[in-house]
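Residue numbers (the working numbering): 2 to 392. Inspection log for the structure reproduced underneath, given as structure tokens.
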Ligand code: AMP
Ligand code: MG
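Below, the structure written as structure tokens:
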């Protein structure tokens, strides 16, 4: 049986980056940039006011000023200020061509057509042309994952069709004679399918969605269910060696190469990894806690490799509030945990999972505590990006 470290190495070697494609900005969330994105112009495009107030000449001194006009956010002022003049100006508005100084309105007293300014506080309260990004400067580097802030930047530079690494097409098969849809009242012997919902939530932060289908434990039906032009197949259940566990067999007879079908991992030992050409498949042991762990330690890596992110991951040394719960085991163990802030420090609380079928123990889990056979432990935060850089 191979170690998790070896299993991750095999995944990293077998799964390659997907090709670059153009996507609409509105459909880019979660995708990885395949090219640098550059500023289309200077940003800001002109010197702009940072305040609501009055603009005076840069060489003016405090005193009384004649109000020569008003500049709103969409105006383009055409003439400079004369000596002794001020203009009313609003946040974001463009300064007169010769520049100036903005004084916030709290410092100004208006008297009809004049304004008294007793004091010029620093700074000039101007966002100068090109001070945030010069035209042509790289504003988002290749390999950046597009989140909310990156979408805002793409919009600002007018990059409405970013070139990204194509996101994998996912297919999920929940296998098991016992499974019924969540909306169904299970008859005796049946249980509700929870893994389809779990996996849909796990892939969502990667900007991925998933078509899920349920199949009985039947090799022919399963083989049919695998048809299609997907990149990543996740087969839930049927991972073990029981009489009804057909996952690996069906993959083998469908022409897949099985790279491993067991990992020295707890929970999640019967995890299977296979490839066929550019297609990648996992058979994931059916219990929800196993699913959760296998996703974070193995499947996420395959998704990241497809997106061009390397296989590194980083752990934190965190105090565990309920350390006695964690019993070392000959298998490398990943304990679901909740990391929170206590008096300014991060602290991990191990979840009390008695069996890997205990979905309820996963409530608000945001970390995994990795426990080595000798009891050493380190914590993986699940909501953070791994440190892996672009390849
Ligand atoms: P298996 O990997 O098929 O041996 O399944 C292991 C355990 O996980 C069994 O108790 C199954 O009933 C359960 N299980 C399998 N698939 C699912 C699923 N989609 N949702 C909830 N439980 C499942
Ligand atoms: Mg089963």
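Just so you know, even glycine gets a beta-carbon here, dropped at the ideal spot from N, CA and C. Here the structure is a predicted model, which means the values were calculated and not measured.
DSSP three-state assignment for residue 109, whether helix, strand or coil: strand
Contiguous beta strand (DSSP E) assignments of at least 3 residues, all confined to the region 119 to 165: 139 to 141
Where the beta strand (DSSP E) containing residue 348 begins and where it ends: 346 to 351
Reference residue 376, options 352, 353, 328, closest by Cα: 328
C-alpha distance - residue 99 paired with residue 113, whole-angstrom precision: 26 Å
Sheet register partners of residue 172 (DSSP bridge): 212, 234
DSSP state of residue 248 mapped onto helix, strand, coil: helix
Sequence-distant residues of its chain with Cβ nearer than 6 Å to residue 91 (five each side left out): 53, 73, 74
Residues bridged to residue 382 [DSSP beta-bridge criterion]: 368
DSSP three-state assignment for residue 8, whether helix, strand or coil: helix
Residue 226, enclosing alpha helix (DSSP H) - first and last residue: 220 to 226
Residue closest to residue 206, alpha-carbon to alpha-carbon, out of 22, 383, 25: 383
Cα-Cα separation, residue 303 to residue 277: 14 Å
Chain-order list of residues whose beta-carbon lies under 8 Å from that of residue 51 (same chain, five-residue window excluded): 92, 103, 126, 127, 128
Exposed unless 16 or more other CB atoms sit within 10 angstroms - verdict on residue 96: buried
Through-space distance from residue 148 to residue 289, alpha-carbon basis: 28 Å
DSSP state of residue 179 mapped onto helix, strand, coil: coil
Rounded distance between the beta-carbons of residue 173 and residue 241, thought under 8 Å: That pair is no contact at about 19 Å.
Unbroken alpha helix (DSSP H) run spanning residue 304, endpoints: 301 to 307
Supposed close pair residue 43, residue 136 - CB separation, criterion 8 Å: 5 Å
Integer-rounded CB distance, given that residue 35 should sit under 8 Å from residue 204: The Cβ separation is near 20 Å, so there is no contact.
Reference residue 46, options 68, 133, 27, closest by Cα: 133
Whether residue 283 touches residue 300 by CB criterion (7 Å): yes
For residue 305 and residue 389, the rounded distance between their alpha carbons: The predicted position of residue 389 is uncertain, since its pLDDT is 46 and thus under 50; a value taken from the coordinates is nonetheless stated next. The alpha-carbon atoms of residue 389 and residue 305 are separated by roughly 9 Å.
Inside the region 53 to 111 only - beta strand (DSSP E) runs reaching at least 3 residues: 54 to 57, 64 to 72, 86 to 90, 102 to 105
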